[in-house]
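K.L.:
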Amino acid sequence: MKIVVIGTGYVGLITGTCFAESGNDVICVDVDSEKIRKLNLGQIPIYEPGLDELIVRNVEAKRLRFTTEPKDAIPQAQCVFLSVGTPQRDDGSADLAVFWSAVDSIAPHLSHDAIVVVKSTVPVGTNAAVARRLQDLLGRPVHVASNPEFLKEGCALEDFMKPDRVVVGVTRPEVAQVLRELYQPFLRTEHPFLVMNLESSEMTKYVANCMLATKISFINEMANVCEQVGADINHVRKGIGHDQRIGFAFLFPGVGYGGSCFPKDVRAMIRVAEQSGIEPHILEAVDAVNVAQKEVLFQKVHKHFGGELKGRTIAIWGLAFKPRTDDIREAPSLILIDRLLAAGATVRVHDPVAMENVRKIYGDRLTYCQTPYDTLDGAEVLAIVTEWNEFRNPDFGVIREKLKSPVIFDGRNLFDPMRMTQLGFHYSGIGLESKTDAKDGAGSKTT
Ligand code: NAD
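Counting from 498, one number per residue, gives the positions in the sequence shown under the working numbering.
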């Protein structure tokens, strides 16, 4: 099948590459000429495990091409996927300016039987509005389908190639049939292809993200209570997770959710609910808990030093909003860095892949370290923000030796608190009994 993907970001690049991998003829279009120039030179603009190899293979096989020109790509296409960004406006609602400009850019080039497939996350009612707009522009009806994307950055290829389910919203069954054929190679393990109306499909994406965000804010709130009452959230997690009605998935306490989806999608859903006359009590709370949770690590460090951070040096491990991606959109690390810099601290950071994106924001206001251990040189305490695998089993002897005081604030509960105490660390996780509250302000090196 001939396919065009409009928007070559985290979703579009994966979508185009995976469809090419299953034998389709794919052209990816982006307005960012620098991105397209790099892709045409074989340089991959994002970090996603395994993606570079797959792109090279499909480009060499001439199944995957990149261009800035919709008119060169679209006239032959049977399916035109829209996967441009849909960020949030100041009021939290979805900003569709870029999306509508992409719709307008493809309109004049669409063939008669082309299907416009909306993969961008868009508020309910948008797909129907796309159909109306294309009809107005072209003077004829155009097939429009909603096909929300559920991939997770960091394991996006696996998610796309082996989806739990594929959701499509359509107004005509023959459109669903075309998409069913397209996705068939990825559904060989009997995972469902779910067909519904446009509105249900649009809602499915938001409801999924809102549910996941709710689980995170719920466990974070419970963790904060545990910490105050002498309970351990790790034990409580196990205590509840074995109840099959609850389970373990997505109930890890931490420093709040970030990324390009949960924060904006929860807020967009809040606006949609309000516009529908429904008061979104739960989602308002989910968002508020998350905003507060992103401050927790800073508050712990601040308290440890008795509020005196000026002249202190803090090491940070992990900048990406989650492991296995270089995406730092709405990352909790940015809040911690902002607060530490504003308080006059010196900040030394390491992340396996996200440092260049962070450097674009902070420039030389941070010290970027090639290894996690380099961050510890001259640092008084260590804060862990992202749970990269390589942080899970570090050389604690080196950490103790290098840190001025053996204090770790762990925003992801990577280590066993008892073991950390035995190793001589003051260790503070999320929702654990705190062992780091400084009695006299700054912590001191203990043996
Ligand atoms: P992104 O910002 O990484 O990529 C968007 C791309 O679209 C950019 O490269 C931009 O240059 C390009 N673009 C903008 N206007 C264009 C136009 N008129 N023509 C062609 N290209 C244009 O965004 P993303 O993270 O890939 O997200 C895309 C959509 O998918 C969003 O709606 C998002 O909510 C949704 N989504 C994202 C994820 C994720 O993990 N990132 C997962 C599921 C769904």
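Built from N, CA and C at the ideal position, the CB exists for glycine as well.
In the DSSP assignment, find the unbroken beta strand (DSSP E) run with Trp814 in it and report its ends.
P.N.:
Counting along the chain, the beta strand (DSSP E) containing Trp814 begins and ends at 810 to 814.
K.L.:
I want to check one thing, is the minimum distance from the CB of Pro645 to the heavy atoms of the ligand NAD below 8 Å?
P.N.:
Indeed, a heavy atom of the ligand NAD lies less than 8 Å from the Cβ.
K.L.:
Which residues bound the beta strand (DSSP E) around Leu920?
P.N.:
Run containing Leu920: none; DSSP gives neither H nor E here.
K.L.:
Helix, strand or coil, according to DSSP, for Ala842 in the structure here?
P.N.:
Ala842 falls in the coil class under three-state DSSP.
K.L.:
Provide the residue span of the beta strand (DSSP E) that contains Gly666, from first to last.
P.N.:
Here the beta strand (DSSP E) through Gly666 covers 663 to 666.
K.L.:
According to DSSP, what are the bridge partners of Val523?
P.N.:
The partner list for Val523 (beta bridge, DSSP) reads Ile500, Leu561.
K.L.:
Evaluate Leu790 with the Cβ neighbour count: other Cβ atoms within 10 Å of its Cβ, from every protein chain shown; 16 or more gives buried, anything less gives exposed.
P.N.:
Checking the sequence, you will find Gln at residue 790 rather than Leu. By the 10 Å Cβ count, Gln790 comes out buried.
K.L.:
Span of the alpha helix (DSSP H) holding Ala570?
P.N.:
Counting along the chain, the alpha helix (DSSP H) containing Ala570 begins and ends at 567 to 570.
K.L.:
Does the Cβ of Arg637 have 16 or more other Cβ atoms within 10 Å, making it buried, or fewer, making it exposed?
P.N.:
So Arg637 ends up on the exposed side.
K.L.:
State the Cα-Cα distance for the pair Lys942 and Cys758, rounded to the nearest angstrom.
P.N.:
Low confidence applies to Lys942: its pLDDT is 41, below 50, so where it sits in the model is not reliable enough to give any reading.
K.L.:
Are the CB atoms of Ala880 and Ile779 nearer to each other than 9 Å?
P.N.:
Result no, Cβ atoms of Ala880 and Ile779 do not sit closer than 9 Å.
K.L.:
Which whole-angstrom value describes the C-beta separation of Thr864 and Ile813, a residue pair presumed to lie in contact below a C-beta threshold of 8 Å?
P.N.:
About 10 Å separates the two Cβ atoms, so there is no contact after all.
K.L.:
Alpha carbon to alpha carbon, how far is Arg764 from Ile500?
P.N.:
Spanning the two alpha carbons is a distance of roughly 32 Å.
K.L.:
What did DSSP end up calling Gln867 once you bin it into helix, strand or coil?
P.N.:
DSSP places Gln867 in coil when its eight states are reduced to three.
K.L.:
Quick test of the definition: if touching needs 3 or more C-beta pairs under 8 Å, does the region 652 to 665 touch the region 797 to 808?
P.N.:
Result no; under three Cβ-Cβ pairs closer than 8 Å.
K.L.:
Between the Cα of Val627 and the Cα atoms of Phe906, Pro605, Asp601, which residue gives the shortest distance?
P.N.:
Among Phe906, Pro605, Asp601, the Cα nearest to that of Val627 is on Asp601.
K.L.:
Is it the case that the CB of Tyr507 approaches a heavy atom of the ligand NAD more closely than 8 Å?
P.N.:
Yes - the ligand NAD has a heavy atom lying nearer than 8 Å to the Cβ of Tyr507.
K.L.:
For Glu771 and Pro777, I'd like the C-alpha separation in whole angstroms.
P.N.:
Answer to the nearest angstrom: the Cα atoms are 7 Å apart.
K.L.:
Restricting to runs no shorter than 3 residues, where is the beta strand (DSSP E) found entirely within the region 573 to 621?
P.N.:
You should have 576 to 579, 612 to 615.
K.L.:
Leu873 by DSSP, collapsed to three states: which one?
P.N.:
In the structure shown, Leu873 sits in a helix (DSSP, three-state: H, G or I).
K.L.:
Taking 9 Å as the cut-off, decide whether the C-beta atoms of Ile824 and Ala851 are in contact.
P.N.:
Reading the sequence as shown, one finds Asp at residue 824 and not Ile. Yes, the Cβ-Cβ distance between Asp824 and Ala851 is below 9 Å.
K.L.:
For Asp824, verify whether its CB is less than 8 Å away from any heavy atom of the ligand NAD.
P.N.:
Yes.
K.L.:
What is the DSSP secondary structure of Gly513, counted as helix, strand or coil?
P.N.:
Three-state DSSP puts Gly513 in a helix.
K.L.:
For Ser902, count the other beta carbons within 10 Å of its own beta carbon; 16 or more makes it buried, fewer makes it exposed. Which is it?
P.N.:
Classification for Ser902: buried.
K.L.:
Leaving aside the five residues before and after Lys532 along the sequence, list all residues of the same chain whose C-beta is less than 7 Å from its C-beta, in chain order.
P.N.:
Around Lys532: Thr505, Pro542.
K.L.:
Tell me the DSSP secondary structure of Val878 in three-state form.
P.N.:
Here Val878 sits in strand by DSSP.
K.L.:
Is the number of C-beta pairs between the region 606 to 625 and the region 692 to 700 that are closer than 8 Å three or more?
P.N.:
Segments in contact, yes.
K.L.:
What residues in its chain sit with their C-beta under 8 Å from that of Arg554, if we drop five residues either side in the sequence?
P.N.:
Only Glu518 meet the Cβ criterion.
K.L.:
CB-CB under 6 Å to Glu545, same chain, minus the five flanking residues each way: which ones, in chain order?
P.N.:
So the qualifying residues of the chain are Ala653.
K.L.:
Buried or exposed for Thr512, going by 16 or more other Cβ atoms inside 10 Å?
P.N.:
Burial call: buried.
K.L.:
What separation, rounded to the nearest whole angstrom, lies between the Cα atoms of Ile834 and Gly908?
P.N.:
So the two alpha carbons sit approximately 14 Å from each other.
K.L.:
Going by C-alpha to C-alpha distance, which of Gly921, Pro914, Thr918, Phe922 sits closest to Gly928?
P.N.:
Checking every option, the nearest Cα to that of Gly928 belongs to Pro914.
K.L.:
What is the residue span of the beta strand (DSSP E) that Ile905 lies within?
P.N.:
Its beta strand (DSSP E) spans residues 904 to 907.
K.L.:
Pick from Phe749, Lys702, Asp588: whose alpha carbon is nearest that of Glu718?
P.N.:
Selected option, being the one with the closest Cα: Phe749.
K.L.:
Could you check what DSSP says for Leu691 in three-state terms: helix, strand or coil?
P.N.:
Looking at Leu691 - three-state DSSP - the assignment turns out to be strand.
K.L.:
Report whether the distance from the Cβ of Gly666 to the nearest heavy atom of the ligand NAD is below 8 Å.
P.N.:
Flag unset: Cβ of Gly666 not near the ligand NAD.
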